[in-house]
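Same order as they appear, the protein sequences are chains A and B.
Taken in order, the first sequence gives residues 1 to 301; the numbers are from the numbering used here.
Taken in order, the second sequence gives residues 1 to 251; the numbers are from the numbering used here.
Quick reminder that beta carbons are idealized off the backbone N, C-alpha and C, glycines included.
Just so it is clear, the structure is predicted and the values come from calculations on it, not from any experiment.
Below: one structure, written as structure tokens.
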Amino acid sequence: MIPAIQVDQVSKNYGSLQALSSVSIEVPEGEFFGLLGPNGAGKTTLINILAGLVLASGGVARVMGYDVRGEYRQARRVLGVVPQELVFDPFFTVRETLTIQSGYFGLRNNQAWIDEVMHHLHLADKADTNMRALSGGMRRRVLVAQALVHKPPVIVLDEPTAGVDVELRQALWKFVRRLNRDGHTIVLTTHYLEEAEALCSRVAMLKQGQLVALDTTQNLLRMHSGCYIELRLEPDMLPQTLAPLVVEHREDGAYRLALKDYVDVEGVMAQLRTAQVRVQEMEVLRPDLEEVFVKIMNREG
Amino acid sequence: MTGFYTLFYKEWLRFWKVNVQTVLAPVLTALMFLLVFSHSLRGHVEVFPGVDYAAFLVPGLAMMSVLQNAFANSSSSLMQSKMTGNIVFVLLPPLSHGEFFLAYLLAAMARGLVVGCGVIAATVWFVDLPLEHPLWAFLFALFGSGILGALGIIAGIYSDKVDQLALFQNFIILPLTFLSGVFYSIQSLPPFWQGLSHLNPVFYMIDGFRYGFFGHADVQPLASLTIVAVCFFALSLITFWLIKTGYKLRQ
């Protein structure tokens, strides 16, 4: 099967600055894929290369098998991009914007789908409002809708939830999940790692233009074995024997202990019993993608 | 085809939605030029034998408006899209390089021609204006607006800031259009300036366009048309090539 996205040794130089160095990634059709990395890691550069907004200095990028340079028209037809910048055309209403965007993709009678997209993004009652009069969140929704007017099999969202309220975030993820269920391949960049963890089945991490991790979210989480327990004690006296496990003693009196394995919880309990300390509150926490991310980013250099 | 048509339509709407500023204002400017110059020079100057100065002025003013507005349309549209970032909406879709070029070009020509017609319509009441060879006038308006429309695309692509575009406008377009024989016949100029005027492509556009009205020109109209057509196709090729390479549009 042809991969939805195929990035093969793609590099990009801006003068002496190497924004991407020989990055290779393959995203199979139907996947929900996360592209993570700190600011300036090259995520947007990579997305812009796929979208044809930036021309790669080396390597080949393909969308649904189409070379983004040689077969740019086919490649752009199968790709929908939600850009990071909150841009809009102040001359038009929401419906005009979406109708015009459909036209650019060669679609003349697209009103039924435009209505459906507006419905799912809660834009229907703003259909005839000028873009200028919309709030930032509403303009963000229109940007998402614009990326979807041509029902692209591959959808790229570049930090779609940056500075967005909870309501839109939830509506957006519900809609994007549905699109993914319907077979659309989704590529997402975000700084909210809990979002990536909840949504993406596979993740790539970029650092200074280099690919530093590429694996399933599950495998990445397993890299960080063990768990944490958070305890509040009565009396507030942690036995000395447990002191080496403490990673944090919070101001509200709670202790955070790092354990190598879930079975170690038993040992901790036993020691607390021996010391005659009562557990007032306890929470077992598993490591999250944020920790894995920090670990990987600090690993080299 | 739908992609091209949509981009053209969007560009058309962009200026038509604000037509007070993009059509009415330049028509009013031309009208004021006519009032001031014809009032101060009437009776003092006879450029073409038997032609009133005000009548002589009208085709030149109309053509100048066609050219300046064709340039303004494509250059400001691209410039604004680049500045606000909404240029991505036309860069992401599968529009071909040719569709992209033609849509911006034809919209610029349309604005130029609409303003030109507006200037004629507004001034024709004040002067006795013949129309000897309408087809010639039309051809020169077409090529002239095309040349400035293409130049506007180049300027819009090249400029990163408003003041860069203003440089194009004030130091290239304005001198070329003002010093092209809009207000005078170059026959009246000293030989040096006459020679220099022959290097200005806008001179041929104005002269040829005026021929369409009065049947009288400084240069053989066929020669003018050839020069103007060659300029148009050369500039179109350069513009198309710029778009194809993605210069300043796709980094």
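For this session: Under 7 Å between beta-carbons, which chain B residues line up against A/Pro83? List them in chain order, please.
Result: In the first sequence, counting from the first residue as 1, residue 83 of chain A sits at position 83. The answer, in chain order, is Val88.
Exercise. So the beta strand (DSSP E) A/Val81 belongs to, where does it begin and stop?
Worked result: Looking up residue 81 of chain A in the first sequence gives position 81. Annotation for A/Val81: the continuous beta strand (DSSP E) segment containing it runs 79-82.
Problem set entry | Pair within 8 Å by beta-carbon distance, A/Leu211 and A/Gly136 | Taking the first sequence and counting its residues from 1, the one referred to as residue 211 of chain A is at position 211. Taking the first sequence and counting its residues from 1, the one referred to as residue 136 of chain A is at position 136. Not closer than 8 Å, so no.
Exercise. Over what stretch of residues does the beta strand (DSSP E) that includes A/Ala19 continue unbroken?
Worked result: Numbered from 1 along the first sequence, position 19 holds the residue referred to as residue 19 of chain A. First-last of the beta strand (DSSP E) with A/Ala19: 17-27.
Problem set entry | DSSP state of A/His249 mapped onto helix, strand, coil | For the purposes of this step, residue 249 of chain A is identified with residue 249 of the first sequence, where counting begins at 1. Looking at A/His249 - three-state DSSP - the assignment turns out to be strand.
Exercise. Quick one: is B/Trp241 buried, meaning 16 or more other Cβ sit within 10 Å of its Cβ, or exposed?
Worked result: What you label residue 241 of chain B is simply residue 241 of the second sequence in a count that begins at 1. Classification of B/Trp241: exposed, given that the 10 Å Cβ count is below 16.
Problem set entry | Unbroken beta strand (DSSP E) run spanning A/Thr190, endpoints | As a first step, residue 190 of chain A must be located in the first sequence, where it is residue number 190. Premise fails: A/Thr190 is in no beta strand (DSSP E) and is neither H nor E.
For this session: Spell out whether any CB of chain A is found under 8 Å from the CB atom of B/Gln251.
Result: In the second sequence, residue 251 of chain B corresponds to position 251, counting from 1. With 8 Å as the cut-off, B/Gln251 counts as an interface residue toward chain A.
Problem set entry | Amino acids of chain A, ordered along the chain, whose beta-carbon sits closer than 7 Å to that of B/Ser185 | As a first step, residue 185 of chain B must be located in the second sequence, where it is residue number 185. In chain order: nothing, as chain A lies at least about 42 Å away.
Exercise. Are the C-beta atoms of A/Leu148 and some chain B residue less than 8 Å apart?
Worked result: Residue mapping note: residue 148 of chain A aligns to position 148 of the first sequence, counting from 1. A/Leu148 does not count as touching chain B.
Problem set entry | 7 Å CB neighbourhood of A/Ser21 in its chain, flanking five on each side removed | In the first sequence, counting from the first residue as 1, residue 21 of chain A sits at position 21. Excluding residues within five positions, the ones whose Cβ falls inside 7 Å are Ser11, Gly209, Gln210.
For this session: With DSSP collapsed to three states, give me the class of A/Phe32.
Result: Numbered from its first residue, the first sequence carries residue 32 of chain A at position 32. Strand.
Exercise. Considering only residues of the same chain and omitting the five flanking positions on each side of A/Leu148, which have a CB-CB separation below 6 Å?
Worked result: Taking the first sequence and counting its residues from 1, one reaches residue 148 of chain A at position 148. Once the five neighbours on either side are set aside, the close Cβ partners of A/Leu148 are Gly80, Val117.
Problem set entry | For A/Ser11, the residue or residues it bridges with in DSSP | By 1-based counting over the first sequence, the position of residue 11 of chain A is 11. In the DSSP output, where bridge partners are listed per residue, A/Ser11 has A/Gly58.
Exercise. Is A/Asn130 helix, strand or coil when you go by DSSP?
Worked result: Your numbering for residue 130 of chain A matches position 130 in the first sequence. Residue state, collapsed to three classes: strand.
Exercise. Is there at least one Cβ from chain A nearer than 8 Å to B/Pro94's Cβ?
Worked result: Position 94 of the second sequence, counted from the first residue, corresponds to residue 94 of chain B. Proximity of B/Pro94 to chain A, defined by a Cβ-Cβ separation below 8 Å, is satisfied.
Problem set entry | Unbroken alpha helix (DSSP H) run spanning B/Val115, endpoints | As a first step, residue 115 of chain B must be located in the second sequence, where it is residue number 115. Counted as a single uninterrupted DSSP element, the alpha helix (DSSP H) harbouring B/Val115 occupies residues 97-123.
For this session: Closer than 7 Å by C-beta to A/Gln146: which residues in its own chain qualify, once you throw out the five before and the five after it? Chain order, please.
Result: Here residue 146 of chain A refers to the residue found at position 146 when the first sequence is read from its first residue. Closer than 7 Å at Cβ, skipping near neighbours: Thr97, Leu98, Gln101.
For this session: Leaving out five residues on either side along the sequence, give the residues of the same chain with a beta carbon under 7 Å from the beta carbon of B/Ile157.
Result: Counting from one through the second sequence, the residue named residue 157 of chain B turns up at place 157. Setting aside the 5 residues that flank it on each side, B/Ile157 is surrounded in the same chain by Leu78, Leu242, Tyr247, Lys248, Leu249, each with a C-beta closer than 7 Å to its C-beta; the list follows chain order.
Exercise. Roughly how many angstroms lie between the CA atoms of B/Leu179 and B/Gly112, to the nearest whole one?
Worked result: Counting from one through the second sequence, the residue named residue 179 of chain B turns up at place 179. Counting from one through the second sequence, the residue named residue 112 of chain B turns up at place 112. Each residue's alpha carbon lies about 19 Å from the other.
Exercise. If you count every other CB in all the chains shown that lies within 10 Å of the CB of A/Pro160, and 16 or more means buried, which is it?
Worked result: If you number the first sequence from 1, residue 160 of chain A lands on position 160. When all chains shown are included, A/Pro160 counts as buried.
Exercise. Which residues mark the beginning and the end of the beta strand (DSSP E) in which A/Cys227 is found?
Worked result: Taking the first residue of the first sequence as 1, we reach residue 227 of chain A at position 227. Unbroken beta strand (DSSP E) run through A/Cys227: 227-234.
For this session: Consult DSSP for A/Ala162 and reduce its assignment to one of helix, strand or coil.
Result: As a position in the first sequence, residue 162 of chain A is number 162, starting the count at 1. In this structure, A/Ala162 counts as coil in the three-state DSSP scheme.
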